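To convert, note that position 150 of the sequence shown is 150 in the UniProt record's numbering; the numbers rise steadily by one, no gaps. We put the beta carbon where it would ideally sit given N, CA and C, even for glycine. No experiment lies behind these values; they were computed from the predicted model shown.
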Amino acid sequence: MARRKFKICVSMQRYAKFKKEEMENTEFLLRAYPDLQIAYLDEEPPLVEGGEPRLYSALIDGHSELMENGMRRPKFRVQLSGNPILGDGKSDNQNHAIIFYRGEYIQLVDANQDNYLEECLKIRSVLAEFEEMTVENVSPYTPGLPPTKFDPVAILGAREYIFSENIGILGDVAAGKEQTFGTLFARTLAQIGGKLHYGHPDFLNGIFMTTRGGVSKAQKGLHLNEDIYAGMNALLRGGRIKHCEYYQCGKGRDLGFGSILNFTTKIGTGMGEQMLSREYYYLGTQLPLDRFLSFYYAHPGFHINNLFIMLSVQLFMFVMIHLGALKDQVVVCDYNPNKPITDELKPIGCRNIEPIMDWVVRCSLSIVIVFFISFVPLVVQELTERGFWRAATRLGRHFCSCSPAFEVFVCQIYANSLLNDLAFGGARYIGTGRGFATARIPFGILYSRFAGPSIYLGARSLMMVLFATLTIWGIHLLYFWASLLALCTSPFIFNPHQFAWDDFFIDYRDYLRWLSRGNSRANHQSWISFCRLSRTRITGYKRKILGDPSEKLSGDMARAKFTNIVFNEIVGPFLVAILCIIPYLFINAQTGDLPEPKPTGALMRLAVVAFAPIAVNAGILAGLFGMACCMGPVFSMCCKKFGGVLAAIAHGLAVIMLFAFFEVMMFLEGFSFTKTLSGMIAMVAIQRWFYKLIISLALTREFKTDQSNLAFWNGKWYGLGLHAISQPGRELLCKITELGMFSADFILGHVILFFQLPVILFPYADRIHSTMLFWLRPSRQIRPPIYSSKQSKLRKKRVIRFTVVYFLMLVVFLALVVGPVVAKNILIDATKSVNIMPDMGLQQPHDTYYNNTDTAYWEANPDLVDDGGKEFREGAHQNKNANSKFKLRF
């Protein structure tokens with residue numbers, strides 16, 4: 001009876017190409033369970049030489065006879081019209097095996113899923129949910145009656161239980177999301193008709209699904225999330241999708257930081273592709289309003305909401321720097337909300353910005369409240385299923401383990417993956433990995449993986465919130481500090497053993513090597529490869545193949561559409577630059593009510609500091625390029641690292657130039673750190689826009705090989721054919737952008753490493769950190785690896801050497817950044833007589849207070865009280881708002 005009612009078919013598309021050990025394991029299963037069926041792809045050589053090989057879908061089981069080659073003779077063998085592997089493999093694997101299913105219902109189960117025995121006993125009740133056990137009652141004596149309208153049940157959803165949740169905080173967060181999505185969310189959507197097919201272990205009405213588009217879609221790129229398209233097809237063709245509360249399937253999943261974020265990126269880019277699909281168009285135009293809203297908020301609306309959250313944070317930061325510049329330059333009125341608004345504002349010439357500041361506080365408070373509301377679904381689910389104590393302890397563990405920081409980071413990854421897919425395309429399957437979740441990932445790999453999606457945005461926003469802290473400090477800014485720090489530091493907070501002393505400084509050595517390698521010979525684990533890869537999403541790859549081995553390190557990527565490039569890479573950054581320039585100009589515009597302010601060239605000052613490093617880098621590159629062309633082919637015969645040395649010189653000088661022009665900005669701003677910080681925010685925005693402008697409009701497609709990069713430093717341009725004429729000019733433009741990006745990555749990476757120093761110096765930091773991540777007592781934690789005596793000596797030497805380098809770099813950074821702030825008065829006295837280009841007004845006066853307009857200022861400065869001063873104060877008193885006295889002078 002069981003054999004007649006139930007069949008299990010495993011789809012192994014690689015069975016015919018198994019190795020000896022894999023084949024032995026398969027045979028063991030077939031002997032243990034003879035009724036187990038295996039569907040695989042069988043390949044035969046083409047009938048005509050040079051033609052396509054012939055492919056067959058074959059089916060075997062434990063009863064199939066063994067052939068001489070050790071394989072079993074297939075029971076069924078169906079020739080296919082071509083290669084069925086069109087997409088990323090998973091959906092094709094299902095589709096080629098679906099022809100061998102028998103029966104009315106199909107349950108699709110992944111290889112990492114399993115049922116408990118008690119769950120299997122429920123299957124009879126689960127199948128009754130398809131509502132096909134009652135026969136339609138039609139009276140033969142009353143013909144002509146309209147048939148009763150009946151929508152068949154196409155899919156019956158079931159929830160998953162991720163039993164690998166006890167791996168620690170990340171596993172618990174990921175499992176909690178699946179638990180909430182598969183219970184509260186799914187049951188609600190099923191009631192209102194908005195549920196779709198989200199994967200396995202759902203039960204499918206086999207006849208309905210196989211005659212209406214199949215169980216999954218397999219087009220590469222578009223069908224990245226292949227399962228949901230089956231649900232949309234069923235919904236569009238009149239089927240119903242229900243949810244089963246009492247049945248669940250156990251699932252094991254790798255829940256390391258990288259695996260979770262890879263899965264998040266896959267879901268985000270897949271949603272971008274779904275928004276472009278015809279199924280979304282049909283659902284969006286044909287569903288009634290109630291079901292459409294349910295569908296929207298359950299699927300694309302969730303991801304668009306993440307996008308709007310991160311956009312709101314960025315807009316809020318722009319508001320903060322504008323308010324900071326305003327408050328820094330005007331006198332704030334003595335505001336009393338109990339007095340009528342018609343009363344005279346005091347002191348004279350003040351600006352009443354207290355209502356705006358109160359609005360900022362209210363907005364911040366509302367954001368914090370919404371943040372806590374986001375934890376409600378999991379708490380409610382845990383409360384109803386496991387009780388109050390379990391819900392309270394689980395929530396407490398989440399907060400103690402920095403779970404909110406991880407949530408902020410995941411929100412940004414969702415937003416970035418969706419935006420990039422809509423703008424540039426290129427959605428592809430990302431293997432979630434099966435590595436050890438307890439293994440430490442090097443700093444360079446983490447930085448290269450998450451710099452583009454999150455770290456750069458977090459660093460720019462942190463500069464803005466630092467400026468807001470210096471100008472309009474309030475306790476509510478702590479929330480933004482925590483959220484924005486999470487964007488920069490989450491990959492390292494959740495990296496196992498990140499704060500182990502020896503591993504940290506060996507990792508620092510690897511980070512420096514990651515920055516410097518790849519310019520003498522091709523190396524995909526290098527900064528230059530990361531830079532080229534981030535650039536190719538805009539430029540795309542050339543179709544020409546040079547036959548270099550490094551070509552295999554790159555995939556195939558088309559150039560993005562020009563309109564998308566213009567709006568995303570030119571217009572957007574340009575608007576950001578404008579929004580950053582305005583507060584800088586205002587804070588330098590001398591908006592106070594002094595009689596005769598001396599105008600300064602703030603815009604010229606900003607242009608010099610923003611574009612002078614680029615010009616200096618271009619000059620250095622031109623000189624080194626000539627040196628490489630003249631000397632490279634000769635010196636490379638004896639000095640294999642000649643190109644690497646030239647690249648190191650250029651990169652080192654680029655970092656020095658960036659620091660030098662920071663000091664220039666400090667000097668020109670009269671050693672005012674607040675104004676300098678405003679200028680650096682504007683400078684970063686301008687340079688970012690300028691580099692994107694070059695990459696978007698001036699660069700042609702990229703070679704898949706990195707031969708052009710190597711040729712720029714060693715002068716060996718032969719081997720490129722006619723491209724040897726055009727590539728040097730293109731590569732010079734690439735190197736101009738690369739030097740600016742390298743200096744930014746060098747400084748940003750070191751700042752992140754310096755922020756980790758207090759944690760490293762804390763006693764037992766690694767044990768506490770491991771307890772936070774894995775929820776293991778110190779006595780039960782995984783022991784560090786055991787090294788041989790030779791390896792231990794080598795590690796100790798490296799740790800000592802790079803500890804010295806690390807602290808030397810820390811001293812240099814502090815001297816260059818903090819030193820001018822601490823020694824401000826000394827430096828002002830020493831440079832008081834220096835005046836660079838007085839006609840252009842490059843220097844901002846530092847001995848005048850522009851934000852004092854009340855009588856106390858004039859009493860404190862009696863030498864300024866003259867006829868002009870008296871007339872000025874009288875005019876300001878007559879005009880209570882003194883709007884005519886507030887002028888922007890650039």
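Item	Value
At which residues does the alpha helix (DSSP H) containing residue 711 begin and terminate?	707-714
Which same chain residues end up closer than 6 Å to residue 443 when comparing Cβ atoms and leaving out the 5 residues on each side of it in sequence?	507 and 511
Inspect the beta-carbon positions of residue 36 and residue 55 and report whether they are closer than 8 Å.	no
Does the pairing of the stretch 472-492 with the stretch 529-543 give three or more beta-carbon distances under 8 Å?	no
Only counting the same chain, and skipping five residues up and downstream in sequence, which positions put a Cβ closer than 7 Å to that of residue 101?	9 and 206
DSSP has residue 655 in a bridge; who is on the other side?	DSSP, once it has assigned bridges, lists no residue as partnering residue 655.
Going by DSSP in three states, residue 561 sits in which element: helix, strand or coil?	coil
Smallest Cα separation from residue 578: which of 710, 796 and 321?	321
Please go through the same chain and pick out, in chain order, the residues whose beta-carbon is closer than 8 Å to the beta-carbon of residue 531, but skip the five residues on each side of it.	738, 741 and 742
Starting from residue 156, follow its DSSP beta bridges and name the residues at the other end.	203 and 242
Rounded to the nearest angstrom, what separates residue 229 and residue 384 at their Cα positions?	32 Å
Could you tell me if residue 3 is buried or exposed, where buried requires 16 or more neighbouring beta carbons within 10 angstroms of its beta carbon?	exposed
If you measure between the beta carbons of residue 413 and residue 268, is that distance less than 8 Å?	yes
According to DSSP, is residue 260 helix, strand or coil?	helix
I'd like the ranges of any alpha helix (DSSP H) spanning at least 4 consecutive residues and lying wholly in the stretch 801-835.	819-822 and 824-830
For residue 870, which residues from the same chain have a beta carbon less than 6 Å from its beta carbon, with the 5 sequence-adjacent residues on both sides left out?	Residue confidence for residue 870 is low, a pLDDT of 44 falling below 50, so the modelled location carries little weight and cannot support an answer.
If distances are taken between C-alpha atoms only, which option among 650, 608 and 76 comes closest to residue 628?	650
Is residue 615 near the ligand MG, judged by its Cβ being under 7 Å from some heavy atom?	Of the ligands one can find in the structure shown there are none, so the ligand MG has no counterpart to examine.
For residue 730, which residues does DSSP report across the bridge?	Residue 730 pairs with nothing; no bridge assigned.
Rounded to whole angstroms, what is the Cα-Cα separation between residue 806 and residue 498?	16 Å
Do residue 251 and residue 113 have their C-beta atoms closer together than 8 Å?	yes
Beta-carbon separation of residue 671 and residue 820 under 8 Å?	yes
Between the Cα of residue 329 and those of 836, 589, 516 and 504, spot the shortest distance and give me the residue it belongs to.	589
For residue 965, does the three-state DSSP call read helix, strand or coil?	This structure cannot settle anything about residue 965, because the visible part of the chain is limited to 1 through 890.
Shortest alpha-carbon distance to residue 240 belongs to which of 291, 542 and 425?	291
Please confirm whether residue 713 and residue 724 have their CB atoms less than 8 Å apart.	no
Starting from the C-beta of residue 809, find all residues in its chain whose C-beta is less than 7 Å away, skip the five residues before and the five after it, and write them out in chain order.	750
Quick check: the stretch 562-578 against the stretch 690-702, are there 3 or more CB pairs under 8 Å?	yes
Applying the criterion that 16 or more other CB atoms from any shown protein chain within 10 Å of the CB defines a buried residue, is residue 835 buried or exposed?	exposed
Excluding the five sequence neighbours on either side, which residues of its own chain have a C-beta within less than 8 Å of the C-beta of residue 425, listed in chain order?	221, 558 and 560
Between the beta-carbon of residue 186 and the beta-carbon of residue 212, is there less than 8 Å?	no
Shortest alpha-carbon distance to residue 733 belongs to which of 621, 676, 565 and 777?	621
If you run the structure through DSSP and keep just helix, strand and coil, what is residue 381?	helix
Curious, which full-length alpha helix (DSSP H) runs of at least 4 residues does the stretch 329-375 contain?	354-373
With 16 other CB atoms within 10 Å as the buried threshold, where does residue 709 fall?	buried
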